[in-house]
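K.L.:
Residue numbers (our numbering): 96 to 312.
#1: According to DSSP, is residue 285 helix, strand or coil?
#2: Which partner residues does residue 214 have in the DSSP bridge list?
#3: According to the neighbour-count rule (16 or more other Cβ atoms, all chains shown, within 10 Å of its Cβ), is residue 96 buried or exposed?
#4: Hey, how far is the Cα of residue 132 from the Cα of residue 148?
#5: List the endpoints of the continuous beta strand (DSSP E) containing residue 244.
#6: Put residue 275 into one of helix, strand or coil per three-state DSSP.
#7: Is it the case that the Cβ atoms of residue 285 and residue 210 are separated by a distance below 8 angstroms?
#8: Would you say residue 238 reaches chain C, if we count a Cβ-Cβ gap shorter than 8 angstroms as a contact?
#9: Nearest-angstrom Cα distance between residue 279 and residue 143?
#10: With 16 other CB atoms within 10 Å as the buried threshold, where does residue 297 fall?
#11: With 16 as the cutoff for other CB atoms within 10 Å, does residue 274 come out buried or exposed?
#12: Considering only the beta carbon of each residue, do residue 281 and residue 239 sit closer than 8 angstroms?
#13: Can you look up residue 157 in the DSSP assignment and give me helix, strand or coil?
#14: Any idea what DSSP makes of residue 165, helix, strand or coil?
#15: Going by DSSP in three states, residue 326 sits in which element: helix, strand or coil?
#16: Only counting the same chain, and skipping five residues up and downstream in sequence, which positions put a Cβ closer than 8 angstroms to that of residue 145?
#17: Kindly identify the DSSP beta-bridge partner or partners of residue 290.
#18: For residue 244 and residue 272, what's the separation of their Cα atoms in angstroms?
See below:
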């Protein structure tokens, strides 16, 4: 009888502790993307430039139509028509280039661009961690890493580390996700020096991990 209240109290503390851990994990993931947001200003500027080009092309076409409708055989008029046609061609090419650039920027913001950054096998000793990828990704937008792995250990895990500079402060991020003998993980990233590890916590046997890592940005 005297131990029942202690058991209930211990259970309540455990539940509260687990709840706090879950909140911290969610907050850290959301916080990573809050610190770095895709630059919507870039798309806005491209939209304004495209609208401006449309207006200029419309004005030139109107001017050209008027010249052709009222043209004389004078060399001045013919030269002016040729100049306007050349300018329309230049604007058309510039417009097409901007449309392609705008579409590419939209793909980045929607995280529709992807590439495999690792596809291989790692052999590990007992309780060992191996770096499988390290690279500068500052030129990329924020995104996420998708990891698929198979191993002969139930304690296999994937871990990513990077530091992001925000408001002149260096902010380190680290995520570790268990994979087991077969598993997947989805990990958020920011533009920084990214390093990815696979490891195990085996007590006796060595480990072999086959992994595919895809970067979405």
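Positions of the beta carbon are idealized from the N, C-alpha and C atoms, including for glycine.
P.N.:
The structure says:
#1: Translated into positions along the chain shown, residue 285 becomes position 190. The DSSP-derived three-state label of residue 285 is coil.
#2: Locating residue 214 in the chain shown gives position 119, where the first residue counts as 1. 307, per the DSSP bridge assignment.
#3: Residue mapping note: residue 96 aligns to position 1 of the chain shown, counting from 1. Residue confidence for residue 96 is low, a pLDDT of 43 falling below 50, so the modelled location carries little weight and cannot support an answer.
#4: On the chain shown, position 37 is the one that residue 132 refers to. On the chain shown, position 53 is the one that residue 148 refers to. At residue 132, the pLDDT of 46 sits below 50, so the modelled position is not reliable and the matter cannot be decided from this model.
#5: The residue given as residue 244 occupies position 149 in the chain shown. Here the beta strand (DSSP E) through residue 244 covers 238 to 246.
#6: Within the chain shown, the letter at position 180 stands for residue 275. Note: residue 275 maps to coil in three-state DSSP.
#7: Mapped onto the chain shown, residue 285 falls at position 190. Mapped onto the chain shown, residue 210 falls at position 115. No, the Cβ-Cβ distance between residue 285 and residue 210 is not below 8 angstroms.
#8: The structure shown contains no chain C; it is built from a single protein chain.
#9: Within the chain shown, numbered from 1, the residue matching residue 279 stands at position 184. Within the chain shown, numbered from 1, the residue matching residue 143 stands at position 48. Rounded to whole angstroms, residue 279 to residue 143 spans 42 angstroms at the Cα level.
#10: If you number the chain shown from 1, residue 297 lands on position 202. Buried, since its Cβ has 16 or more Cβ neighbours within 10 Å.
#11: Within the chain shown, numbered from 1, the residue matching residue 274 stands at position 179. In summary, residue 274 is buried, with 16 or more beta-carbon neighbours lying within 10 Å of its beta-carbon over all protein chains present.
#12: Reading the chain shown from its first residue, position 186 is the one you call residue 281. Reading the chain shown from its first residue, position 144 is the one you call residue 239. Yes, the pair counts as a contact, with Cβ atoms nearer than the cut-off.
#13: The sequence position of residue 157 within the chain shown is 62, counting from 1. Residue 157 falls in the helix class under three-state DSSP.
#14: Here residue 165 refers to the residue found at position 70 when the chain shown is read from its first residue. Looking at residue 165 - three-state DSSP - the assignment turns out to be coil, as it is neither helix nor strand.
#15: Outside the modelled stretch of the chain, which goes from 96 to 312, sits residue 326, for which no answer is possible.
#16: Looking up residue 145 in the chain shown gives position 50. A distance below 8 angstroms between beta-carbons, with the five flanking residues on each side excluded, links residue 145 to the following residues of its chain, in chain order: 190, 193, 194 and 197.
#17: Working through the chain shown from its first residue, we reach residue 290 at position 195. 229 and 256.
#18: Start at 1 with the first residue of the chain shown, and residue 244 comes out as number 149. Start at 1 with the first residue of the chain shown, and residue 272 comes out as number 177. Residue 244 and residue 272: Cα-Cα distance of roughly 12 angstroms.
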